[in-house]
Structures are given as C-alpha cells and as structure tokens.
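Asks: Residue numbers (the working numbering), protein chains in the order written: chain A, 1 to 544; chain B, 1001 to 1110; chain C, 2001 to 2431.
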Amino acid sequence: MRGILGGRVYDPANGIDGEVRDIWMRDGRIVPADEIDPQGAETFDATGLVVMPGGVDIHSHIVGAKVNVGRKLRPEDHRGSERERRGGYWSGSGYTVPTTHLTGYLYAEMGYTTVMEAATAPLVARHTHEEFADLPIVDKGAFITMGNNHFLMRAIKEGRREEARDYVAWLLRASKGYAIKIVNPGGVENWKWGGNVEELDDEVIGFEVTPRQILETLGWINDELGLPHVPHIHGINLGRGRSGRTTVESIRALNGRRAHLCHLQFLSYRAGKGAMHLSDAASVAEAVNTASNLTVDVGQLVFGPATTMTSDGPLQHNLHKTMGGRWVNDDVESETGGGIVPVTYEPTNPINSVMWLTGLELFLLIDDPWRVSLTTDHPNAGVFVHYPQVIKLLMDSAYRAEMFAGIHRRARKGALLPELEREYSLYDIAIVTRAGPARSLGLRNKGHLGPGADADATVYEEKADKEEMFARPRYVFKDGGLVVRDGELVAAPQGRTLHVAPAYDSAIEERIREHFREAYTVSFDNYSVSEEELGRNETVPCDA
Amino acid sequence: MSVEFRLITGRTREQAIGLHKGKASQPYLDATHQVEMSGEDMSRVGIDEGARVRLRTPAGSGEFVVREGDLPPGLLFVPMGAAANELIGADTAGTGMPSFKGQPVEVEPA
Amino acid sequence: MTTHEDVTCTFCGCLCDDISVEVEDGDIAAVKRVCANGRGVFAEHCSDARRPTVGGREVDFDEAIAEAARILDQADSPLIYGLSSSATEGQRKAVELADVLGAVVDTTSSVCHGPTGLALQEIGEPSCTLGEVRNRADLIVFWGCNPSASHVRHFGRYSVTAKGTLTPRGRQDRTVYVADVRPTGTSKTADHFLQLRVGSDYEVLSTLRLLVRGESVSAEEVGGVSVAELGELAERMKSCRFGVAFMGMGLTMSAGRNVNVAELFSLVAELNDHTRFSVIPMRGHGNVAGSDQVLTWLSGYPFAVSYARGYPQFGPGEFTAVDMLARGEADAALILASDPVAHFPRAAAERLAAIPTIVLDPCENLTAGVARVVFPTATYGVDAVGTAYRMDNVAIRLRAVLPTERPTDEQVLEAIIQALPKRAAQLEAVK
C-alpha cells in the first residue's frame, strides 16, 4: 500500500475542491477508507502540494499509420529534440512527432496517464496496436474512423440501420477500437473524386447519402450499442470561414443526441475580408451551451512548429496548396483517407493569431467546464508538451492579455477575447484535464480519486507561474506505482490498451465477407486484430 | 577489342526461384551468371548466344554467359546477385545506394 | 491432412494473403494460389530443428548467445543490418539491441527504396492503399519497375487486371503505361511503352511536369521518348479519374537516385490539382515496409540510424551499411534476415568476412558462409506467427502452418540483449 499524505486534493468528480486528504493506493486501485492499513505502507508527504487524478487526454495523434509517416516525413523535427538512452529507458527523438517511447515518457512526465489516439482507419488498426505496444506507461485507446465507410454508407442509403449498427459493432471489435470517430462525413469519400462536401445536405458521390444522415445514423448506433464514449466528431468545413455556421448546424442536426465535437477551434470561424478568417467562437459557444448532450475539446493553437495530420484528405490538399510545402495523402480503400502537412504557427500571421484567440474564446465562453476538454489536437494545433502553457493562459488573465498584445493587429481588431476576464481555478483545470474527459469517455475508473478508481495520480508543487507548476510534477503514480519523481522518470511500466466489445448479430458477418470479396485487398479472415496481439488490455463494458 | 556498355542489374524470375534452392545451388548460380545483350551488340562484339564474356568495371570483373535479350544497343542486363556485385562500386553518392543500374562496363570475350 | 486458408506469402511486398497451404505429416504437401517467386517460401522452407554454430561448429543455444553478446559488447562500432525479411517482432528487438549497444542499424531499404524515403522527406507522398488501385484506378503507370518478374500477382490482385467496384471489367477499364529502359514482361502488357535512354528518368519526368503545367517544350525528343508521346501521357494523367504510378529500382538505383524519385513525387502531387493521382513504391522484400515503419516509430528515421551518441541520428551515406562496410567503419556486424554478401558491392561484402559477423536466418545464405555465429531461426509466416507490412503499409498478420522448432528472431535477439554486459551496466548506473 502507498499513501499520498496531507496534500490539497482536487477531485472534481467527487466534489473535492482543494481539501486536505490522504490518498491510499493498493493493487493499482484507490483504497476505500475502511480498508486503509498504513502499517508498512510507503508514504509520500504531500503537505502543501496539490494532488489531482492522472491527466486524461481525450484527443491526440500519438501512434499509427499517419503519425508514423509524419515522423518519416520530418527528420528536421527530430534533430535537436532527442533523448539519450538512460538505464532501461529507450532513447528517442521528435518534437511534434516524437517516437513511441518518448511519447509515453513525455506524457507521464507531464502528469498524464491516459491518452486517446484520435483517428485510426480500421484497415490499419493493427499498425496502431503495434505502436501502442511500444508506448509505455499511459493507458490508451483508438478511435476508429467511420464517417466515409462504404459498407455503412450503403446500409444508410438502403435504409438498413440495424445492419449498419451490427457492422459498427463488428468493426469496433475487429479493430480493437474504443470509439466511433467521424471525420468530415462524406467529404473524404468525395475527395477520392477530387471533391469535398460543404453543406450538411450535400450528396456523397456514388452513395446518395448526406453528411447529415451519416451523423444521425452513427449517433443512433452509438446509443444503441451503449458505447462508453459518444461519437467523436470532426465536422465538415474544418479550417474554413463557414465552419462556425456549419458547426452550429451540425449541433442542431444531432437533435439532442449525445456527441463529442473535437478540436472545435478549427471549426469555429466566420469569413472575414479577403482570405481572412474571424472567430465565430461566440455563436459556437452559445450553441454548445444550450446543447447539454454535447462535450467538446478545444484543439488550442500553440505558436510554434506543428504537424497537421488528419483523415480529412481534402482539407490537407487545400492546406498544401495554401502553404506550398510537403504533402502526404493516404486514401484507404472503402474506409477513409488522410493527409499530412507540416506547419509553423506564428503570432505575426493574422490567421494563426485568430486561431489562437478562437480557442481561448471557446474555453472562456463555454460555461460548463465539464463539457470542455483541454487539447491541442496534438500535433495539429500544437504539441502536447505545451498543455502547461495553455493552463497558464486559462488561469492567468494578465498572461493572456500580454500574449494577446503580441498577436497580429488584424486579429486583435474587434476581438472578443480581451473582454473575457474569466480565470480557471485549479478545480476547473482538474475538470478540463481529468474529470471531464474521463466522464465524456465513459471511463468510470479514471479522472477521479474515489475508492476503486485506477490509482493514477499526479502531485504538483503549487507555483504562481502555472506553466512551471504543471510542466514538472513532483510525483506521478500509474496503477499505484511511482513513475515520475521531480519531473524525472523512475519507472516505465506498460499501460493498458482500452477497447470495447459491443454485441452484434453475427449474421452480419456473411454480408461483410461479401463486401470484402468485392472491394478489399485483404482477406476477411486476416482483417481482425486479435486480443493476443494487444498485450496488456482491458475491455471497457458497454451499457446496452 | 573491348566495347563500353551500360550495365543494369535486377530481379528475374529465375533468380528468385533459384534463390529458394540456396545461393550455392546450380539453378541460382546459372541464373545469376548470365548477361543479356541485344542481338545487334552481339554481332558488333562478335559473340554468339551461350558464349562466355568478361565484364569489367573500375570495381572489378567477372565472367558471364551471354544470352540474347530484348535490350537497346549499348545496354547490358545482369540478374542481381553476388556475381553482378563483383562489378558494382561501393560509392553511394551520399545516399547509401550503390550504382546498381547505369554503371559503365566493358565487354570482352572470355 | 490440415488445410490452412488465408495464409500470407512473405516473398515480396504484395503480401498476398489468400494462399492455401496443405500440411501432411508435419510437412507442407501442397500450396495453392502462390506465384512462382513465392512458392519457394513454402516449398523450400527450412524448419527442422537445427543448432546454432560458432566458427562453423554446432553449439548449444546459450553458448552461441554468449559469443554473439561478447562480439557485440566488445565492438566499438557494431552494425545491425537487414531486418526486411523478419517480422516486426524481430525488427523491434533489432532496434532495441542497437539502442542498448549504441550501434548503427540499417535495413535493406538503403539498397532498395532508401532514396524513395529521401524523396518523401523532401516532397511528401500522395499515396493510397492497393484497394484504391483495384477499385478506382483507370490509369496505371509503372515507372522503372517490372512486377511481372518481381511482384508476380500484383496485376491480378491489385492493378492491371484486377476487377474492382469502379473497374468491373478489370483490364478493359484501365489504361496502362510502362516507362523503362528495356522491354520487360510488364511493358508487354502495357497499352503504351515509353522506352527511356538509361539514366534519363529525371529529364523525362521533369518534361512531363512542364507538360502537365501546360508549358511548351521546344525539344522533340527527351531521353529517347518523343515529346508528343509525353504530351499525350500528360493529358491522360490530367483527365483520368484516379491515376496511380508504381515506381521501382529503375529510379532509385540509377544516377540521380532520390532526385529522380522526388521528381516523380512532385509530378504526382501536382496532378492532384487536376484529378486524383497517387504513387506507390514497389517494395521488394516481404516486410521491408515494416522495417521502415518499426525503425521510424522507434527512432524517428526509416533507415541509416546511428545510436552511437546514445540517441538516434539519421545519416544516409554515413550510417548506411554499404558505406559503413566499404569504408571499414563497422568492426562487428549482426545480419538479420538478409544476405548482404550476395547483394552488396564486393568491397562492402568483403568487409563482412573480415569482421566478426553474426547471422540470424532461416536458410543458409552466403553471409552465413562467412559469419562467426549463425542462428538458424524460425520463418515468420511458415513456422512462426508475426506481423508484416505490405508495400502500401497495411499491416498483415502472418500465420504459422508448421510447428516452430527453432527460436524466432525475437527470441534470439532478446537473449542477446539479456546477455550484454553493457546492458547490465546501464541498468546498474541508474539504480
């Protein structure tokens, strides 16, 4: 048994707001009060320190086909961002796209213990799981892209919703995925014809379905299957001046059904003069505030290098044409697509400046912190190691004002941000970095420190400079074991792969088999990732 | 008389099939010790199908059996393998890749 | 008799996963659907229990491990090379060994598509999976590659004659171009053959780029090909529905190397202003794509990685195996699942005979013939399960059709790592 004693605990899921408490851990779990036995226990003095559950990242691109092409594409990203081998810990490299071990180490050293890989095409899910096996410490899961899936779109077109539902259940099991991911529904399929979608009622070429129907059906399926998370949606028009409007329309289209809108910053603009975008955070936040069915994450922009990578193929081609640099595209048969474009965000760039303030406006205008998660859509809008800087921007309005003064004047003009004086408290931060994302993900044992919870905890030294405070925890515990002391790694155990196994009518398999013969280049019987391939893993139960 | 050619090396089915039998096996050795040459060049050099020629580059030399191949004049093809590699230099122009294709080579009857 | 269906053949980057293998009395009795190149993977498999050798003498496993560990531990500049015919399980351990040792690790990519990797770093890579080719491609270009000899079932499963959702008539629904310096089995199946002068790929590709951009070209002929013919190809490329270029060693091994490939990648990228176009490198060995993937997720770089400084550094021309060996910089080598003595220029191959070399391979090869320590290992996909990446980077699970009687690459490499005094010292240092 281990104890973290005398710390000020921020555990919003259990309503604990900075009260001094002892936290006891045993066998990877938080110990209930009546089972505490301090005899022979190892204890950590947390007097004067801040104790929170381990951080939970609801949306980050950390492994898999796209991330690895990103690594391959960018040797210049790795040089100067290396880590030497030390003891049994692997060496590594990479700033925006770190190697697998380094990714696990960096998350743990920042106090994070659970990270969700945001987009995996089912055909290449095996690759994602192979990299998970080399990504230590954190627990992780993969969201499976389905918004442009041929089998699904055909079932929707033909009105066979139950078949679509059974297929989704089969696909999640086959890919050992955690949640339904939707990326630019219909738009990625149209990109395979050189096009895209711009409105919710545009038609998907060859399927006679619309983005609206795809959203509605996958929303229904998610509830039918009782998946722990909700459909994780990257909507249409990302990065465009009309994205704020179509985001609000998408929220209406969901019609009260539960969903998560990811990296909302990228989808909250209105058109300005010429090519200029302006923040549409006010209308989007208003729509989110009135839709209690929704959670969101922000995808806050951080100035500096980034690598944009997404299943949204047409978006990436457009960005490539705008930037003029390197471009990776990857169309995946019958399922999805993807692209990669390296970028550097500069405060001297007016559009980058607008992106930066749009994210902050969303954080400050969405009233309920339980429905907002802190992300940078790593490595799209910024690298995850800068979460402490984002925390400082939220907690410290003077710092925010100082940074605001340094962005491009065209972005400052008429901006709402300077009027927003709200400052996040430590309790709020514990919600948007832990309790909120865990609740949205349906991870009942994570994001809190109540009895029975996973013993993932982070201990910080309180400092006036919140960036410093959150960058270097005093202690990080994973499954009840110490993994980081004074910001340095002391152990690197393997975390779990979290996946779901929804039930379905196996009659669907014959139809899927037929689809494979028609359209795939991999045998049906070689497609599924088996549990033996996963290593340490946990099936998170469904409610259905 | 020696005549200068360009040499390319590469996979053939016979080489691939011979490979599985082991690189000391006769099928593999036969498959990798031959050079394809255009009929025009064969007359020019004055050699017949099945003749032995010596190929020479700055890196080394070796003997190969001539086969008439569908090649443009001036181009020779040798299946990839240890025999061909006697002729390939180790300079990679800073890439790691030697000049497996396009190497200047001289041909003389063996 | 047992019949195993959906077995994957690991010979080439096609990773055909529809092979049927009949096993009778513990041996392979029949193989169906496999091509002539791949048949030997099953028909000539080496699976019998066999002991490792040190200096040509059969020894116990532990003795061979101890000798391998001693060689690597004492080396100042060890080279770990090959990887491409192993499964990712073996590849991961090879990279871990390099990290622990401070070794250089390089793969057969450096003598096949290493230059393609350099072009990717410069340009990016608009690509797609092979199913998109099967289902959509109405224009296919093979540039400097000859799948009829190297990837025999490529046409039928993925490209020229494959029937897909938008290409129900297969061959009739596609136009096929081949660009090569000589007629090949592939060019004979094509609608159009551009016969290039050797070494002129770059000129021809840059002319095509100009023509695609609508610029006028005053020359009548470039690299042995008429500009009118190139103009026709440029128009077809711009007006097709979904075009795919497959490229091979004709570009990477010829003068210009990565510059040739970068020109093709740029052409393909620019074609996406007009229609959809992709490029797919024709990866040779069954899991060479996997070696790129594994090395990249573990080190950040796809080949030519040195851990000598304690962290990964990328250096084609420096940390590539041919250069390391020909310059005499490697003082010990571990060769995993490849045969550099057969496939390297003589100067590099000779170095392997001069230094203590360790070989892990299912079959006897020329490198084993000069090696100090030889581990006969299991064959992933025949008598061991594992994972491999197809040429389009789709990971495929390899089945085992025979019981394993030998250690896998992963097991041998792990045992070497455990036996390294260097590793013990590293662990001790952080206690």
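The C-beta atom is built at its ideal place from N, Cα and C for all residues, glycine as well.
Flag this pair as yes or no: are the beta carbons of residue 449/A and residue 14/A separated by less than 8 Å?
Replies: In the first sequence, residue 449/A corresponds to position 449, counting from 1. In the first sequence, residue 14/A corresponds to position 14, counting from 1. Yes. Within cutoff.
Asks: Please list, in chain order, the residues of the stretch 2331–2344 of chain C that have any C-beta partner in chain B closer than 8 Å.
Replies: Of all residues in the stretch 2331–2344 of chain C, 2339, 2341, 2342, 2343, 2344 have a Cβ within less than 8 Å of some Cβ in chain B.
Asks: Would you list the one or two residues that DSSP bridges to residue 1079/B?
Replies: Working through the second sequence from its first residue, we reach residue 1079/B at position 79. Partner(s): 1010/B.
Asks: Residue 2302/C touches chain A at which residues, Cβ-Cβ below 7 Å?
Replies: Mapped onto the third sequence, residue 2302/C falls at position 302. Within chain A, the residues near residue 2302/C are 72.
Asks: From the beta carbon of residue 509/A, is the nearest beta carbon of chain C less than 8 Å away?
Replies: Walking along the first sequence from the start, residue 509/A turns up at place 509. False, the Cβ-Cβ gap to chain C never drops below 8 Å.
Asks: Just the C-alpha distance for residue 301/A and residue 2296/C, rounded to the nearest angstrom, thanks.
Replies: The count along the first sequence starts at 1 and reaches residue 301/A at position 301. The count along the third sequence starts at 1 and reaches residue 2296/C at position 296. In a straight line, the C-alpha of residue 301/A is about 26 Å away from that of residue 2296/C.
Asks: Report yes if the C-beta distance between residue 1037/B and residue 1071/B is below 8 Å; otherwise report no.
Replies: As a working mapping, residue 1037/B is identified with position 37 in the second sequence. As a working mapping, residue 1071/B is identified with position 71 in the second sequence. In this structure, residue 1071/B lies closer than 8 Å to residue 1037/B by Cβ.
Asks: For residue 84/A, name the three-state secondary structure that DSSP assigns.
Replies: As a first step, residue 84/A must be located in the first sequence, where it is residue number 84. The answer is coil: DSSP assigns residue 84/A none of H, G, I, E or B.
Asks: Quick check: the Cα distance between residue 2420/C and residue 2288/C, rounded to an integer number of angstroms?
Replies: For the purposes of this step, residue 2420/C is taken as the residue at position 420 of the third sequence. For the purposes of this step, residue 2288/C is taken as the residue at position 288 of the third sequence. About 27 Å.
Asks: Would you check if the distance between the CB atom of residue 2326/C and the CB atom of residue 2347/C is smaller than 8 Å?
Replies: Start at 1 with the first residue of the third sequence, and residue 2326/C comes out as number 326. Start at 1 with the first residue of the third sequence, and residue 2347/C comes out as number 347. Contact flag set, yes.
Asks: Taking the straight line between their C-alpha atoms, what separation do you get for residue 48/A and residue 240/A?
Replies: Against the first sequence, residue 48/A aligns to sequence position 48. Against the first sequence, residue 240/A aligns to sequence position 240. Roughly 47 Å separates the two Cα atoms.
Asks: Assuming residue 2128/C contacts residue 331/A under a Cβ cut-off of 8 Å, what Cβ separation, rounded to an integer in Å, is found between them?
Replies: Start at 1 with the first residue of the third sequence, and residue 2128/C comes out as number 128. Start at 1 with the first residue of the first sequence, and residue 331/A comes out as number 331. With a Cβ gap of about 4 Å, residue 2128/C and residue 331/A count as contacting.
Asks: Distance, Cα to Cα, residue 24/A vs residue 455/A?
Replies: For the purposes of this step, residue 24/A is taken as the residue at position 24 of the first sequence. For the purposes of this step, residue 455/A is taken as the residue at position 455 of the first sequence. Answer to the nearest angstrom: the Cα atoms are 9 Å apart.
Asks: Give the straight-line distance between the Cα atoms of residue 1041/B and residue 2196/C, rounded to the nearest whole angstrom.
Replies: In the second sequence, the residue the question calls residue 1041/B occupies position 41. In the third sequence, the residue the question calls residue 2196/C occupies position 196. Looking at the two C-alpha atoms, the distance is approximately 18 Å.
Asks: Is residue 2131/C closer than 8 Å to residue 519/A when the C-beta atoms are compared?
Replies: Within the first sequence, numbered from 1, the residue matching residue 519/A stands at position 519. Within the third sequence, numbered from 1, the residue matching residue 2131/C stands at position 131. Cβ distance < 8 Å, so residue 519/A and residue 2131/C count as in contact.
Asks: With a cut-off of 8 Å, does the C-beta of residue 2086/C fall near any C-beta of chain A?
Replies: Here residue 2086/C refers to the residue found at position 86 of the third sequence. Not an interface residue.
Asks: Give, in chain order, every unbroken run of the alpha helix (DSSP H) that is at least 4 residues long and sits entirely within the stretch 111–192 of chain A.
Replies: Counting whole runs of 4 or more residues, the stretch 111–192 of chain A contains the alpha helix (DSSP H) stretches 125–132, 150–157, 161–175, 187–191.
Asks: Under 8 Å, Cβ to Cβ, is there at least one residue of chain C near residue 184/A?
Replies: By one-based count along the first sequence, residue 184/A stands at place 184. Not an interface residue.
Asks: Mapping the DSSP letters down to three states, classify residue 1109/B as helix, strand or coil.
Replies: As a working note, residue 1109/B is residue 109 in the second sequence. If DSSP states are grouped into helix, strand and coil, residue 1109/B belongs with the strands.
Asks: Compare the C-beta of residue 1039/B against all C-beta atoms of chain C and say whether one is closer than 8 Å.
Replies: Taking the first residue of the second sequence as 1, we reach residue 1039/B at position 39. By this cut-off, residue 1039/B is not an interface position.
Asks: Is the number of C-beta pairs between the stretch 2397–2417 of chain C and the stretch 2042–2049 of chain C that are closer than 8 Å three or more?
Replies: Flag = yes, the stretch 2397–2417 of chain C and the stretch 2042–2049 of chain C touch.
Asks: Assuming residue 2302/C contacts residue 2117/C under a Cβ cut-off of 8 Å, what Cβ separation, rounded to an integer in Å, is found between them?
Replies: Your numbering for residue 2302/C matches position 302 in the third sequence. Your numbering for residue 2117/C matches position 117 in the third sequence. The Cβ separation is near 5 Å, so the contact holds.
Asks: Can the beta-carbon of residue 148/A be found closer than 8 Å to that of residue 322/A?
Replies: Numbered from its first residue, the first sequence carries residue 148/A at position 148. Numbered from its first residue, the first sequence carries residue 322/A at position 322. For residue 148/A and residue 322/A, no; Cβs fall outside 8 Å.
Asks: Just checking: is the beta-carbon of residue 2362/C within a distance shorter than 8 Å of some beta-carbon in chain B?
Replies: As a working mapping, residue 2362/C is identified with position 362 in the third sequence. It does not: the Cβ of residue 2362/C has no partner Cβ on chain B nearer than 8 Å.
Asks: Counting beta carbon pairs with one atom in the stretch 124–140 of chain A and one in the stretch 105–114 of chain A, are three or more of them shorter than 8 Å?
Replies: Segments in contact, yes.
Asks: Where residue 2339/C and residue 2082/C are concerned, what is the direct C-alpha to C-alpha distance, given to the nearest angstrom?
Replies: For the purposes of this step, residue 2339/C is taken as the residue at position 339 of the third sequence. For the purposes of this step, residue 2082/C is taken as the residue at position 82 of the third sequence. Their backbone Cα atoms lie some 8 Å apart in a straight line.
Asks: Report buried or exposed for residue 2076/C, applying the criterion of at least 16 other Cβ atoms within 10 angstroms of its Cβ.
Replies: The residue given as residue 2076/C occupies position 76 in the third sequence. Exposed: under 16 other Cβ atoms inside 10 Å.
Asks: Which residues does DSSP list as the beta-bridge partners of residue 11/A?
Replies: Your numbering for residue 11/A matches position 11 in the first sequence. Answer by DSSP bridge pairing, in chain order: 16/A.
Asks: Roughly how many angstroms separate the alpha carbons of residue 2362/C and residue 2154/C, rounded to a whole number?
Replies: Working through the third sequence from its first residue, we reach residue 2362/C at position 362. Working through the third sequence from its first residue, we reach residue 2154/C at position 154. So the two alpha carbons sit approximately 26 Å from each other.
Asks: Report all residues from its chain with a CB closer than 6 Å to the CB of residue 538/A; omit the five preceding and five following residues, and keep chain order.
Replies: Counted from its first residue, the first sequence places residue 538/A at position 538. Same-chain partners within the cutoff: 496, 498.
Asks: Tell me where the beta strand (DSSP E) around residue 320/A begins and ends.
Replies: Within the first sequence, the letter at position 320 stands for residue 320/A. It is not in any beta strand (DSSP E) - residue 320/A instead sits in the alpha helix (DSSP H) that spans 313–323.
Asks: Quick check on residue 537/A: does DSSP put it in helix, strand or coil?
Replies: Residue 537/A sits at position 537 when you count from the first residue of the first sequence. It is a strand residue.
Asks: What residue range does the alpha helix (DSSP H) around residue 2343/C cover?
Replies: In the third sequence, the residue the question calls residue 2343/C occupies position 343. Here the alpha helix (DSSP H) through residue 2343/C covers 2340–2343.
Asks: Taking C-beta pairs closer than 7 Å, name the residues in chain B that residue 2323/C reaches, listed in chain order.
Replies: The residue given as residue 2323/C occupies position 323 in the third sequence. Result: 1092, 1096.
Asks: Do we get a CB-CB distance below 8 Å when we pair residue 68/A with the residues of chain C?
Replies: Along the first sequence, one-based indexing puts residue 68/A at 68. Output row for residue 68/A: interface = yes.
Asks: Measuring straight from C-alpha to C-alpha, what distance separates residue 2375/C and residue 2073/C?
Replies: Here residue 2375/C refers to the residue found at position 375 of the third sequence. Here residue 2073/C refers to the residue found at position 73 of the third sequence. Answer to the nearest angstrom: the Cα atoms are 18 Å apart.
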